[in-house]
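Protein chains in written order, with the working numbering: chain A, 1 to 116; chain B, 117 to 230.
Written as structure tokens, this is what we have:
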């Protein structure tokens with residue numbers, strides 16, 4: 001069964017420093033991986049996805065993610081954090097048990113706190 | 117293009133009642149999925165609809181049901197509400213139901229069961 005793990009409940013960084021939010025996955029076959037962000041009292045916003053191709057994926061708001069097949073990881077990164085990046089971040093993998101299914105399996109989420 | 121809209125945004129119900137939540141996908145999107153978000157269980161998949169057909173269902177009791185209309189709008193219904201049904205219910209739409217399509221989420225409906 002597909003699964004996703006986010007090993008850190010919270011990540012604290014200072015504004016201007018680089019940030020990394022970790023994600024590891026377990027899937028059969030090639031993974032389809034996604035990152036979403038959730039601000040308080042809001043729905044999830046899509047940041048980026050990995051389907052195939054380059055291991056470094058660029059997304060919205062200056063975020064990028066590095067796909068590492070050997071380590072089964074898909075870490076979210078940003079070179080310079082902003083206070084406004086403070087939010088809850090979710091990594092997700094597409095469930096490929098059934099063809100053409102939209103089901104996403106989410107990690108438990110990581111709270112990112114960027115301090116001025 | 118307007119995003120995914122969900123109504124109502126907030127609901128307060130009592131145990132034993134039933135509730136219907138509505139979701140309007142992004143124009144042109146034909147796939148709609150529903151998720152339940154709680155502090156304890158995180159984000160859990162409820163069901164997915166594509167062209168008025170339920171394509172997938174999560175591990176929830178039969179009290180949870182849904183449907184999709186010909187205009188792709190979707191509703192989910194929860195009958196005989198329990199305290200544990202208190203959650204944020206999120207609807208997401210995508211153009212197709214294919215594996216590589218990202219889903220776009222609405223703001224959610226916050227359901228409180230008293």
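Note that CB positions come from ideal geometry on N, CA and C, so glycine has one too.
All values derive from a computational prediction rather than experimental measurement.
For residue i, collect the residues of the same chain with a Cβ closer than 6 Å to its Cβ; drop the 5 residues on either side in sequence, then sort them by chain order.
i             : result
residue 37/A  : 45, 47, 87, 89
residue 230/B : 130
residue 188/B : 141, 146
residue 156/B : none
residue 165/B : 148, 184, 190
residue 7/A   : 22
residue 209/B : 120, 141, 142, 145, 148, 220
residue 24/A  : 5, 72, 73
residue 114/A : 13, 15, 81, 83, 85, 86
Go ahead and label residue i buried or exposed: buried means 16 or more other beta carbons lie within 10 angstroms of its beta carbon, across all protein chains shown.
i             : result
residue 83/A  : exposed
residue 125/B : exposed
residue 53/A  : exposed
residue 185/B : exposed
residue 167/B : exposed
residue 50/A  : buried
residue 68/A  : exposed
residue 95/A  : buried
residue 9/A   : exposed
residue 225/B : buried
residue 172/B : buried
residue 103/A : buried
residue 31/A  : buried
residue 143/B : exposed
residue 26/A  : exposed
residue 217/B : buried
residue 122/B : buried
residue 147/B : buried
residue 71/A  : exposed
residue 62/A  : exposed
residue 81/A  : buried
residue 137/B : buried
residue 227/B : buried
Can you find a heavy atom of the ligand NAP that lies under 6 Å from the Cβ of residue i?
i            : result
residue 52/A : Although the ligand NAP was asked about, the structure shown includes no ligands whatsoever.
Please list, in chain order, all residues of the same chain as residue i whose beta carbon is under 8 Å from its beta carbon, the five residues on each side excluded.
i             : result
residue 134/B : 193, 194, 195, 196, 197
residue 126/A : Not covered by the structure: residue 126/A. The range shown for chain A is 1 to 116.
residue 174/B : 160, 161, 162, 163
residue 56/A  : 64, 65, 66, 67
residue 132/B : 196, 197
For residue i, which residues of its own chain have a beta-carbon under 7 Å away from its beta-carbon, when the five flanking residues on both sides are left out?
i             : result
residue 105/A : 2, 3, 4, 92, 93, 95
residue 39/A  : 87
residue 112/A : 11, 19, 21, 85, 86, 87, 89
residue 176/B : 162
query = At a Cβ cut of 9 Å, what residues of the segment 19-40 of chain A count as close to chain B, listed as they run along the chain?
reply = Residues of the segment 19-40 of chain A that bring their beta carbon within less than 9 Å of a beta carbon in chain B comprise 32, 34, 36, 38, in sequence order.
query = Would the segment 171-188 of chain B and the segment 8-28 of chain A be scored as touching if the rule is three or more Cβ pairs under 8 Å?
reply = no
request  = Determine contact between the segment 195-206 of chain B and the segment 149-163 of chain B, defined as no fewer than three beta-carbon pairs at a distance below 8 Å.
outcome  = The segment 195-206 of chain B is in contact with the segment 149-163 of chain B.
message = Could you tell me which whole beta strand (DSSP E) segments of length 3 or greater appear in the segment 135-211 of chain B?
response = 135-140, 147-154, 158-166, 169-173, 180-184, 190-194, 203-210
inquiry  = So if I threshold CB-CB distances at 7 Å, which residues from the segment 151-162 of chain B count as touching chain A?
reply    = 158, 159, 161
Runs of beta strand (DSSP E) wholly within the segment 33-93 of chain A (minimum 3 residues, chain order) = 33-38, 44-50, 56-58, 64-68, 73-78
key: Interface residues of the segment 177-198 of chain B facing chain A [CB-CB below 8 Å]   = none
Members of the segment 126-154 of chain B that neighbour chain A once the beta carbon cut-off is set at 7 Å = Contact residues of the segment 126-154 of chain B toward chain A are 147, 149 (C-beta to C-beta distance below 7 Å).
ask   = Which residues, in chain order, does the segment 42-74 of chain A contribute to contact with chain B at a C-beta distance below 8 Å?
value = Flagged, chain order: 42, 43, 44, 45, 46, 49, 51.
key: Residues, ordered as in the chain, of the segment 103-114 of chain A that lie near chain B by beta-carbon distance below 7 Å   = 103, 104, 106, 108, 109
Cβ-based contacts, 7 Å cut-off: residues of the segment 197-212 of chain B near chain A = 206, 210
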